[in-house]
Amino acid sequence: MIKRSAMLAALALSGVLLGGCGMLKTASNDNGAPGRMPDVIVPSRVTAVGYGAMPNMDGLTMAQRRMLAMRASKLDAYRALAETVQGLRLTGQSTVSALALQNDSFRYYVDAYLRGARVLSVNPLPDGAYETVLELQLNGDFVREAGSAQQGMQVEAPKPEASKVEAPAPKPEAAATPTTSKTVASNFYYAK
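Residue numbers (mature numbering (1 follows the signal peptide of the UniProt record, and there is no 0)): -19 to -1, 1 to 173.
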């Protein structure tokens, strides 16, 4: 009888222990860790198209007009590429008088530093305009660099007119530890 009760107790104990092991979480790559960026799949290439029309100015030869149209299409393609990679800032203003809209305007700004873009093609169009296609190769650090650039934009520099507060003298044990300075990330994308 004692053997039987000891056997049942051992069986119950092993059941509890094995059941407890099933409750343990296994290490997995579910990106649930706080502070870790989720895995993002980015395209390996970004392309942009730009268009430029030939100017209608006196005193320019046909070759000069073609070159200006080609240049305008290339700059338009760079603008479109910067919008895609970096984004844009949009501001608007509306004027209402006597409950009627009088004026509605908006502006948008693109501020980016692109490096590594290459021209894929420059094609003349039937109406005399030109079309330029650009390509930018994205590397694996794109998401990390874009994230640090966004964080860097939110940091404000101290104002020089603010009154200075003197810091207390450092403790002797603190003087031996090196200090790290945090630099603000620049707001650009660098393609290698």
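From the three backbone atoms N, C-alpha and C, an ideal C-beta is built for every residue, glycine too.
Checklist entry - Taking all protein chains shown into account, do 16 or more other C-beta atoms lie within 10 angstroms of the C-beta of Asp57, making it buried, or fewer, making it exposed? => result With 16 or more Cβ atoms within 10 Å of its Cβ, Asp57 is classed as buried.
Item to check | Exposure of Val66, with buried meaning 16 or more beta-carbon neighbours within 10 Å | outcome: That one is buried.
Checklist entry - Using 8 Å as the Cβ pair cut-off and three pairs as the minimum, do the region 101 to 110 and the region 59 to 79 touch? => result Taking 8 Å as the limit for Cβ pairs, the verdict is that the region 59 to 79 does not touch the region 101 to 110.
Checklist entry - Taking the C-alpha atoms as reference points, what is the distance between Glu112 and Ala53? => result For the pair Glu112 and Ala53, the Cα-to-Cα distance works out to about 9 Å.
Next on the checklist: For a test of the three-state rule: what should DSSP assign to Ala8, helix, strand or coil?
Outcome noted: Note that Ala8 scores a pLDDT of 49, beneath 50, so its modelled location is shaky and nothing firm can be said.
Item to check | Sub-8 Å separation of Ala61 and Ala110 beta-carbons | outcome: No, Cβ-Cβ distance for Ala61 and Ala110 is not below 8 Å.
Checklist entry - Contact check, Ser(-6) vs Leu119 under 8 Å by CB: the rounded distance? => result Ser(-6) to Leu119, Cβ: 54 Å. No contact.
Item to check | Simplified DSSP assignment, three categories, for Gly(-5) | outcome: If DSSP states are grouped into helix, strand and coil, Gly(-5) belongs with the helices.
Checklist entry - Is Leu117 near Ala93, with beta carbons less than 8 Å apart? => result Cβ atoms of Leu117 and Ala93: not closer than 8 Å.
Checklist entry - Can you list the beta strand (DSSP E) stretches of 3 or more residues lying completely in the region 62 to 107, in chain order? => result When DSSP assignments are scanned along the region 62 to 107, the uninterrupted stretches of beta strand (DSSP E) that are 3 or more residues long and fall wholly within it turn out to be 70 to 78, 81 to 90 and 99 to 105.
Item to check | Of the residues Thr28, Arg70 and Arg46, the one placed nearest Tyr59, counting alpha carbons only | outcome: Of the candidates Thr28, Arg70 and Arg46, the one whose C-alpha sits nearest the C-alpha of Tyr59 is Thr28.
Checklist entry - Mind checking Leu115: buried by the 16 CB within 10 Å criterion, or exposed? => result Leu115 sits buried, since 16 or more C-beta atoms from the chains shown fall within 10 Å of its C-beta.
Next on the checklist: I need the DSSP call for Ala29, collapsed to helix, strand or coil.
Outcome noted: Correct three-state label for Ala29: strand.
Item to check | Endpoints, the beta strand (DSSP E) within which Thr113 is located | outcome: For Thr113, the enclosing beta strand (DSSP E) begins and ends at Tyr111 to Gln118.
Next on the checklist: Would Val66 pass as an interface residue toward chain B - the criterion being a Cβ-Cβ separation below 8 Å?
Outcome noted: Of the protein chains in the structure, only one exists, and it is not chain B.
Item to check | Where Leu49 falls: helix, strand or coil (DSSP) | outcome: Leu49 falls in the helix class under three-state DSSP.
Checklist entry - Which residue from Lys55, Leu69, Pro36 and Val30 puts its Cα closest to that of Arg88? => result The closest CA to that of Arg88, considering only Lys55, Leu69, Pro36 and Val30, is found on Leu69.
Next on the checklist: Using a Cβ-Cβ cutoff of less than 8 Å, which residues in the same chain neighbour Pro36 once the five nearest sequence positions on both sides are dropped?
Outcome noted: Cβ-Cβ distances below 8 Å link Pro36 to Arg46, Leu49 and Ala50 in the same chain, with the five nearest sequence neighbours on each side left out; the list follows chain order.
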